[in-house]
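Under the numbering used here, residue 248 is the last one in the sequence shown; the count climbs by one each step, no gaps.
First up is the structure itself, then whatever we jot down about it.
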Amino acid sequence: MSARYLLRRLLQVVPAVAGIVLLAFVVVHTAPGDPAVALGGEHGDEAYYAFIRAKFGLDRPLPEQLLTYVTSVIRGDLGQSFVHGRPVAHVVAERLPATLLLMGSALALSSVIGILLGIFAARRADRPADLAVRTTALLGHAMPSFWLAQLAAITLALGTGLFPVQGITDPRQAWTGWRYALDVLHHLALPALVLAAGELALTTRLTRTGVLEALGTDYARTARAKGLSERAVVRHALRNALLP
């Protein structure tokens with residue numbers, strides 16, 4: 005991968021990020037209601053509302069507000085959270101490790117399970133097992149993650165109590181070491197599986213297609229003719245099937 009390719013890809017991201025920033029600014033300013041009234045309450049006087057507008061720059065022209073917003077985002081200043089009473093960047097940074105852990109776990113699950121199911125289905129192409137895997141993958145890909153999350157929470161968490169509903173650890177316990185790690189995994193399992201469902205289905209289908217194509221190539225047929233076991237043929241074919 006060349007430096008020119010990376011630079012070109014990075015430059016392609018700039019318009020997308022600029023569009024997202026502009027869209028967020030426009031949506032906030034076109035939303036119904038007055039931010040000053042929302043912050044000061046409906047029973048405040050006009051002088052207090054004017055003070056709030058001046059404090060947060062809401063009385064300035066829109067181009068000036070946009071410039072201030074963009075420069076603040078570039079500096080990493082995301083403003084103040086009125087819910088938590090702290091800078092938004094601090095709130096995001098505090099929750100970022102748990103978010104990365106969840107996303108990384110979902111990606112790992114979808115990759116490992118999806119590849120294994122894809123190989124399993126490819127080796128049993130057009131059989132009942134293959135049909136079952138493909139049907140399950142199609143359903144997993146079609147289900148919205150928010151709906152699947154609600155279904156999993158109702159049935160597996162609230163219904164049976166097998167999994168916790170929220171949090172990353174049990175606040176009632178003060179575990180350390182391996183018990184703490186197991187508690188984190190227990191809380192992580194259900195949301196990670198739900199997030200992995202969509203990507204798992206896609207990975208399964210792509211792996212199955214790639215393995216079937218690789219098993220039908222000339223080198224795979226030659227390997228079988230030379231007496232190589234089917235497991236060895238699949239292992240060699242998998243290297244080509246998993247290429248991006």
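Yeah, the Cβ is synthetic: ideal placement off N, Cα and C, and Gly gets one too.
Worksheet item: Taking the alpha-carbon positions, what's the residue 27 to residue 21 distance?
Response: Within the sequence shown, the letter at position 23 stands for residue 27. Within the sequence shown, the letter at position 17 stands for residue 21. The straight-line gap from Cα to Cα measures roughly 10 Å.
Fill in: Beta-carbon proximity check, residue 249 vs residue 171, cutoff 7 Å
Summary: the structure shown does not reach residue 249, with the chain confined to residues 5 through 248, and so no result is reported for it.
Discussion item. The alpha helix (DSSP H) that contains residue 234, what's its start and end?
Written reply: Walking along the sequence shown from the start, residue 234 turns up at place 230. Taken as a continuous stretch (DSSP letters only), the alpha helix (DSSP H) holding residue 234 covers 234–245.
Worksheet entry | residue 108 CB to nearest heavy atom of the ligand FAD below 6 Å | Here there are no bound small molecules, and the ligand FAD is not part of this structure.
Worksheet item: Where does residue 73 land, buried or exposed, given buried means 16+ other C-beta within 10 angstroms?
Response: If you number the sequence shown from 1, residue 73 lands on position 69. So residue 73 counts as buried.
Discussion item. Does the structure place the stretch 235–242 close enough to the stretch 208–227 that three or more beta carbon pairs sit under 8 Å?
Written reply: yes
Discussion item. Below 8 Å on the Cβ atoms is my contact criterion, and I expect residue 129 with residue 216 to pass it. Report the Cβ-Cβ distance as a whole number of Å.
Written reply: The residue labelled residue 129 in the question sits at position 125 within the sequence shown. The residue labelled residue 216 in the question sits at position 212 within the sequence shown. Their Cβ separation, rounded to whole angstroms, is 6 Å, which keeps residue 129 and residue 216 in contact under 8 Å.
Worksheet entry | Euclidean distance between Cα positions of residue 207 and residue 33 | By one-based count along the sequence shown, residue 207 stands at place 203. By one-based count along the sequence shown, residue 33 stands at place 29. Cα-Cα distance, rounded: 40 Å.
Discussion item. I'd like to confirm the pairing. Which residues does DSSP put opposite residue 91 in its beta bridges?
Written reply: Position 87 of the sequence shown, counting from 1, holds the residue named residue 91. In the DSSP output, where bridge partners are listed per residue, residue 91 has 84.
Item to complete: Check whether the Cβ atoms of residue 70 and residue 29 lie closer than 7 Å to each other.
Response: In the sequence shown, the residue the question calls residue 70 occupies position 66. In the sequence shown, the residue the question calls residue 29 occupies position 25. Yes, they are a contact pair.
Worksheet item: How about residue 93 and residue 80: are their beta carbons less than 7 Å apart?
Response: Counting from 1 along the sequence shown, the entry for residue 93 is found at position 89. Counting from 1 along the sequence shown, the entry for residue 80 is found at position 76. Against a cut-off of 7 Å, the Cβ pair of residue 80 and residue 93 comes out as a contact.
Fill in: Simplified DSSP state of residue 71, which is helix, strand or coil
In the sequence shown, counting from the first residue as 1, residue 71 sits at position 67. Reduced to three states, the DSSP call for residue 71 is helix.
Worksheet entry | CA-to-CA distance, residue 19 to residue 197, given in whole angstroms | Here residue 197 refers to the residue found at position 193 of the sequence shown. Here residue 19 refers to the residue found at position 15 of the sequence shown. Distance between the alpha carbons of residue 197 and residue 19: 33 Å.
Fill in: Beta carbon of residue 144 nearer than 7 Å to that of residue 193
As a working mapping, residue 144 is identified with position 140 in the sequence shown. As a working mapping, residue 193 is identified with position 189 in the sequence shown. Cβ distance not < 7 Å, so residue 144 and residue 193 don't count as in contact.
Practice prompt. Could you check how far apart the C-beta atoms of residue 146 and residue 209 are, in whole angstroms? I think they sit under 8 Å.
Written response: The residue given as residue 146 occupies position 142 in the sequence shown. The residue given as residue 209 occupies position 205 in the sequence shown. 12 Å between Cβ atoms; not a contact.
Practice prompt. Let me know the secondary structure DSSP gives residue 222 once reduced to three states.
Written response: Your numbering for residue 222 matches position 218 in the sequence shown. Residue 222 falls in the helix class under three-state DSSP.
Worksheet item: For the alpha helix (DSSP H) that contains residue 142, what are its first and last residues?
Response: The residue you call residue 142 lines up with position 138 of the sequence shown. It spans 132–146 - the alpha helix (DSSP H) in which residue 142 sits, taken as one unbroken run.
Practice prompt. Look at the alpha carbon of residue 53 and the alpha carbon of residue 31, and state the distance between them as a whole number of angstroms.
Written response: By one-based count along the sequence shown, residue 53 stands at place 49. By one-based count along the sequence shown, residue 31 stands at place 27. Taking the straight line joining both Cα atoms gives about 21 Å.
Worksheet item: Taking the C-alpha atoms as reference points, what is the distance between residue 45 and residue 56?
Response: Here residue 45 corresponds to residue number 41 of the sequence shown, with the count starting at 1. Here residue 56 corresponds to residue number 52 of the sequence shown, with the count starting at 1. Roughly 11 Å separates the two Cα atoms.
Worksheet item: Under three-state DSSP, which class holds residue 118?
Response: Here residue 118 is taken as the residue at index 114 of the sequence shown, counted from 1. It is helical.
Practice prompt. Can you say whether residue 119 is buried or exposed, counting buried as having 16 or more other CB atoms within 10 angstroms of its CB?
Written response: Taking the sequence shown and counting its residues from 1, one reaches residue 119 at position 115. The residue in question, residue 119, is buried, as its Cβ has 16 or more Cβ neighbours within 10 Å.
Worksheet item: Excluding the five sequence neighbours on either side, which residues of its own chain have a C-beta within less than 6 Å of the C-beta of residue 117, listed in chain order?
Response: Residue 117 sits at position 113 when you count from the first residue of the sequence shown. The residues are 204.
Worksheet item: Taking the alpha-carbon positions, what's the residue 138 to residue 162 distance?
Response: As a working note, residue 138 is residue 134 in the sequence shown. As a working note, residue 162 is residue 158 in the sequence shown. Going from the Cα of residue 138 to the Cα of residue 162 covers about 30 Å.
Worksheet item: Going straight from the alpha carbon of residue 244 to that of residue 222, what length do you get?
Response: Within the sequence shown, residue 244 is the residue found at index 240, counting from 1. Within the sequence shown, residue 222 is the residue found at index 218, counting from 1. Taking the straight line joining both Cα atoms gives about 13 Å.
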